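Residue numbers (the working numbering), protein chains in the order written: chain B, 25 to 308; chain S, 161 to 985.
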Ligand SMILES: Cc1cc2nc3c(=O)[nH]c(=O)nc-3n(C[C@H](O)[C@H](O)[C@H](O)COP(=O)(O)OP(=O)(O)OC[C@H]3O[C@@H](n4cnc5c(N)ncnc54)[C@H](O)[C@@H]3O)c2cc1C
């Protein structure tokens, strides 16, 4: 379908983008890869008067090493994140998750920042970002600020980003040497996950020293399964021990019910997928 | 004039895996899809559609839209009520069938969500869409009939004026028809001492989901009104529009240019076609309408949607003695072109390849406030095949034998053909033993059974299921007399002509209307062999009622077996017309001529003349025998004497992850007997595509409405059409038992894969879950349903019940709102 008419701007710096956004106020929408925004516009579910395209801001693209963390520019495409050696080395969980995201066309257009800003509870990137303790930097007319993952995701499609702010980069603490696995459950390949579990594990010998577990589509925001993480510490990486911890995965969650499954089924899936993700991450 | 050099030895074209000559155009898009057509001064249409499933239209204020920039007109139902005529239904199945009037634009009441209530005509597509948003329609919500069983009980009326939701009930009874004994006798005998299976299966609603959305362009500026439309049925469309729109048939030309798939979904006379025609006649300008994907999913006709109540009687050893079928079929809100007849096409196929001595079929057609249903790949026959093939697996389980053994016990043996069936058909040929033996081997049946046993015994969380489907179908629609006896509004013949051009090229005109099937290639192969001309010298013309003036189009696997036969007959007439001319040219007697590989030669000599030379001589007409017309061109109209009965054995192995309910296909092997194969590559394409479509019904696709009657699976995010990533490599082979009712010995293949595969897959799912006491899982067999069935452990579970009526939100309105709200903090 054809979107309603809008003004279009393609600034080349973050400052210019922020200024344009401030001028347009709530009549503007940021365009990143357009993979979520364009369907919304084309189905006329939203009709902004202005679209500000971040595609020409080079500074927002790419991944850099920043000491104990890596920093992913918001406009780095899924495909570039997937191919990036820094991400693979220090945040393998993200590499894993991106490899399952959508299809090649979408991965070459959609962006890391766009997906996180969109905050689809079924999106594949929130759980790994949360599990790895990523922080989110945003820039507005009054400067920049950084928030923790758990504060960034507020609700269904709602983040801490204010109307006049742009997400610029995502800082992911290095998890070098951690095992990682993203266990995504779908009915057809190009689907968003019904449930997915992101797990990163630091094993010492056959024992789990530390674990990070994130849940996708188990509520209105990505979740961290802290009870599972705690229960895993010091446990052997065996099916029985991990299963026992994974049984806690769905505790306190409020997953949705839809065409693909009801809340109870999702709760059950979360426990099975958590066990599998953790075992795979632990190399068991 | 006579040529004596050695003839090149020619490989027969038939049987060669030629790449399709039309594919370069189709794949690159450098071709004429309807939406590519641009005419001078063309106007664009946008539809305003009802968001309500059932409502009274109390007022429409289109003034703002009419005044919007570049808008030429806005038409509402009231504006066209006098002229729009009803949309046609060509297949009233009973004398007393009830049906509401089916308007192109709703006038005072809408009966399904997506029904058109107004159309905006503007100078650009953008202006039309923008103005459509400005049309203000007041509705008064009415209670909607949505659930098929509730609707059958008339709890809520889809059309209050009809006083009932029942459109018609159609019955076939073998005792009455004299084709078998009374089924009730068989049932009561089975009740003591025999086996009586009573089952109820659900055929979910599907959406044809063709690749090219529907599009129509109408040019009213010539002597004739020309309509281009993405349709499977240009000829039928032309006749129906002439009959309902008050346009003389001779003043209307319909063209189906390249059409991107249909699967029955474009076997229709659509409201949008009629509206575009009305808009063009009103404005006097060319008009175009192209639907969006959302409109296509919501308002293009849907398919299937039945409840099937089945009673199978058998002796204790598993010999079938009777079958009783009671269907409820959801028509949706209206009767489309052949809506009421679709479930009736299944009536002749529930008995399938088995020797049932008694059979009773009844079908009640029910209205609901949903998009109307109509033809969808297989049309009535997949539903029948699903039911009987599921039942045969159940019977095998009951008797405690292998599902292939129970089939073999009951099927028609190859030496028993021709076979008169309990449903009144005569199967001309078939060899179920041969196809099954070959499929068994191709599949590695015994090894997979052994693996299944191992997994069962070890309590493997991944269980293996093996599903069988030994299907047949009736296709090649259809003998006109039979259609007449079923009250169908037309015949089932097909027409073809062959034109011999002076330069040696050949134009073949067919009344079938390809929309992705590859007719241009296959028909060229047939003519190349028949007339001995080069494949590349043949042009197949179709889909334009002024070029192909006569035809009944493409559906029901009819193009080759009916249209191909017409073609062969026309070509044979060309040869007979050429013979006296060749004799004259060779100064020989016509009786002494042999025709082979495109040449007439004088028997016992090396003298001969090629078809191309004769064509040139006829064009010049300088020296023809006395009284011979200067033309080789010929045409033929062929009315089939019987249906056509492809069959095959399909075997499917699935792995089921019992922890999640997830399904992974391990192996799929099928051996289809489709008689002689013209082009194995095209056949493989039809089989592969058909299989995927049938597998999709078993595992993925379902049109789900919420309790307000809104389509929830309204985009490809929620209506799960599989892609290549979701399929495996199929092992496909053939046995060849030629059909006896056409010269080429061919059988239809367009629907075979779709008809056969659905029960093979569901049988595999159920087979995997038998140890958990599961005897059925409702389609689509989602992981959730499978997992719930495993955990119900009561054997009576229907596999999770109905689908939750909510989509996963990724792009919906709330999210845009929520996003904005969030951004406001
Ligand atoms: C067919 C299909 C399948 C998909 N499957 C999956 C899947 O399996 N898993 C998955 O996770 N995702 C999936 N997606 C979504 C995909 O990941 C998108 O790329 C992502 O959701 C949005 O990223 P984008 O760069 O395209 O953002 P856009 O669509 O351009 O923007 C999305 C939203 O974020 C806002 N926004 C974007 N960037 C910024 C910024 N820097 N600062 C502030 N606001 C911003 C926009 O204003 C808009 O509201 C799929 C998409 C499609 C089309």
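Even glycine gets a Cβ: it sits at the ideal position worked out from N, Cα and C.
Remember, it's a predicted structure, so these values are computed and weren't measured experimentally.
DSSP places residue 659/S inside the beta strand (DSSP E), whose first and last residues are 654-660. Going by beta carbons, residue 279/S and residue 209/S fall outside the 8 Å limit.
When the beta-carbon positions are compared, residue 53/B and residue 72/B come within less than 8 Å of each other. Distances taken from the Cβ of residue 54/B to the heavy atoms of ligand 1 include one shorter than 7 Å.
Residues of chain B with a Cβ closer than 8 Å to the Cβ of residue 944/S are, in chain order, 284, 285, 286 and 289. Straight-line spacing of the CA atoms in residue 503/S and residue 638/S works out to 16 Å.
With a cutoff of 8 Å on beta-carbon distance, residue 518/S and residue 348/S are scored as not near each other. For residue 564/S, not one C-beta of chain B is nearer than 8 Å to its own C-beta.
The closest heavy atom of ligand 1 lies less than 7 Å from the beta carbon of residue 135/B. A contact is defined here as three or more CB-CB pairs under 8 Å, and the region 705-723 of chain S meets this definition with respect to the region 796-813 of chain S. By the neighbour-count criterion, in which 16 or more other beta carbons inside 10 Å mark a residue as buried, residue 221/S falls on the exposed side. DSSP places residue 25/B in the coil class of the three-state scheme, outside both helix and strand. Contact between the region 329-341 of chain S and the region 519-528 of chain S is present, with at least three C-beta pairs closer than 8 Å. With 16 or more neighbouring CB atoms inside 10 Å of its own CB, residue 862/S falls in the buried class. For the C-beta of residue 146/B, the chain S residues within less than 9 Å are, from N- to C-terminus, 968, 969 and 970.
A contact between stretches requires three or more CB pairs, one per stretch, nearer than 8 Å, and the region 368-388 of chain S fails this requirement with the region 480-498 of chain S. Listed along chain S, the residues sitting closer than 9 Å to residue 209/B by beta-carbon distance are 820, 822 and 943.
As computed with DSSP, residue 413/S is found in a beta bridge with 386/S. Within the chosen limit of 7 Å, ligand 1 does not reach the beta carbon of residue 164/B with any heavy atom.
For residue 436/S, there are no C-beta contacts with chain B under 9 Å, since the nearest C-beta of that chain is about 18 Å from it.
Residue 60/B has its CB nearer than 7 Å to a heavy atom of ligand 1.
Annotated as distal: residue 458/S and residue 248/S, with beta-carbon spacing of 8 Å or more.
Under the three-state reduction of DSSP, residue 174/S is assigned to coil, being neither helix nor strand. Taking 8 Å as the threshold, the shortest C-beta distance from residue 281/B to chain S falls below it. Among the residues of chain B, those whose CB is under 8 Å from the CB of residue 873/S are 283, following chain order. A residue is called buried when at least 16 other Cβ atoms come within 10 angstroms of its Cβ; residue 166/B does not meet this threshold and is exposed.
Setting aside the 5 residues that flank it on each side, residue 901/S is surrounded in the same chain by 588, 800, 801, 802 and 804, each with a C-beta closer than 7 Å to its C-beta; the list follows chain order. Between residue 217/S and residue 266/S, the C-beta gap is smaller than 8 Å, which places the two residues in contact.
Placement of the Cβ of residue 214/B at a distance of less than 7 Å from at least one heavy atom of ligand 1 is found.
Only residues of its own chain outside the window of five on either side were considered, and among them 204 have a CB closer than 6 Å to the CB of residue 116/B, listed in chain order. Taking the Cα positions, residue 657/S is about 6 Å away from residue 730/S.
Using a Cβ-Cβ cut-off of 8 Å, residue 289/S counts as an interface residue toward chain B, since at least one Cβ of chain B sits closer than that to its own. Sixteen is the threshold: since fewer than 16 other Cβ atoms of the shown chains lie within 10 Å of the Cβ of residue 88/B, the residue is exposed. When the Cα atoms are used, residue 101/B and residue 230/B turn out to be separated by approximately 36 Å.
DSSP, read as helix, strand or coil, puts residue 684/S in helix.
Per the coordinates, the alpha-carbon of residue 255/S lies some 36 Å from the alpha-carbon of residue 727/S.
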